Amino acid sequence: DAKTTQPTSMDCAEGRAANLPCNHSTISGNEYVYWYRQIHSQGPQYIIHGLKNNETNEMASLIITEDRKSSTLILPHATLRDTAVYYCIPNNAGNMLTFGGGTRLMVKP
Amino acid sequence: EAGVTQFPSHSVIEKGQTVTLRCDPISGHDNLYWYRRVMGKEIKFLLHFVKESKQDESGMPNNRFLAERTGGTYSTLKVQPAELEDSGVYFCASSRKIGWNYGYTFGSGTRLTVV
Chain A
9 DAKTTQPTSM DCAEGRAANL PCNHSTISGN EYVYWYRQIH SQGPQYIIHG
59 LKNNETNEMA SLIITEDRKS STLILPHATL RDTAVYYCIP NNAGNMLTFG
109 GGTRLMVKP
Chain B
941 EAGVTQFPSH SVIEKGQTVT LRCDPISGHD NLYWYRRVMG KEIKFLLHFV
991 KESKQDESGM PNNRFLAERT GGTYSTLKVQ PAELEDSGVY FCASSRKIGW
1041 NYGYTFGSGT RLTVV
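So this is what it looks like as structure tokens:
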């Protein structure tokens, strides 16, 4: 499995954009980049995924560099409810997810 | 659609006892996964069912853990006998089929405490 590097923690002001980076330099050609988050005491929640094109859904945007060695998850207008641990996970469809330490995002009023 | 349901939400048992956790995946989801997080550690994969068959059980820690998936529907994870180090949160997730390039849906987890 590709290894990932994410900041341990980040702060963001409520209403501002939260940009969460992830390095996945060993990602293989057929692995997607998935982002999940875990809000305290809940199960992990799928956010978004992409292969090489940028993606956007109702929750977030995902920017993947052209060489696919890194990506950035963007929460355009962070709210207090976005406080969570965010995980970047390279994965082939159907395979097990390998969670790392993730980034603890704290959204502050 | 209904989400992934796990019960009980909490379980406190004594060392040496048996506990059975249950997971009801989203209807029609062939893939079912078990994960767990022990205190202070990262979330770790336990095993993967495709319908009623075990596709990958490489993450099962030892033979005290037994997982089943009756008829390819709900799944149970039995710990017998439970040890202190089994304490943690056990998550179940499901997805529609192999090659399904969308995220997994996780349940809220079962918090197991072995005392």
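Just so you know, the sequences run in chain order A and B.
Note that this note's numbering gives residue 104 to position 96 of the first sequence, counting from 1, and the numbers run on in steps of one.
Note that this note's numbering gives residue 953 to position 13 of the second sequence, counting from 1, and the numbers run on in steps of one.
Just so you know, even glycine gets a beta-carbon here, dropped at the ideal spot from N, CA and C.
In this text the structure is predicted, and so the values were computed from the model without any measurement.
Lysine 1018/B versus Gly968/B, Leu986/B, Gln995/B, residue with shortest Cα-Cα distance: Leu986/B
Counted within 10 angstroms of its Cβ, other Cβ atoms place histidine 988/B as buried (16 or more) or exposed: buried
Neighbourhood of valine 959/B by C-beta distance below 6 Å, restricted to the same chain and skipping five residues each side: Ser951, Ile953, Val1019, Ala1022
Closer than 7 Å to chain B by CB, glutamine 50/A: yes
7 Å Cβ cutoff met for phenylalanine 107/A and isoleucine 983/B: yes
Counterpart residues of proline 98/A in DSSP-defined beta bridges: Val41/A
Beta carbon of asparagine 99/A nearer than 7 Å to that of tyrosine 54/A: no
Beta carbon proximity, histidine 988/B to chain A, threshold 7 Å: yes
At least three beta-carbon pairs within less than 8 Å, the segment 85 to 97 of chain A to the segment 9 to 28 of chain A: yes
Closer than 7 Å to chain A by CB, glycine 1047/B: yes
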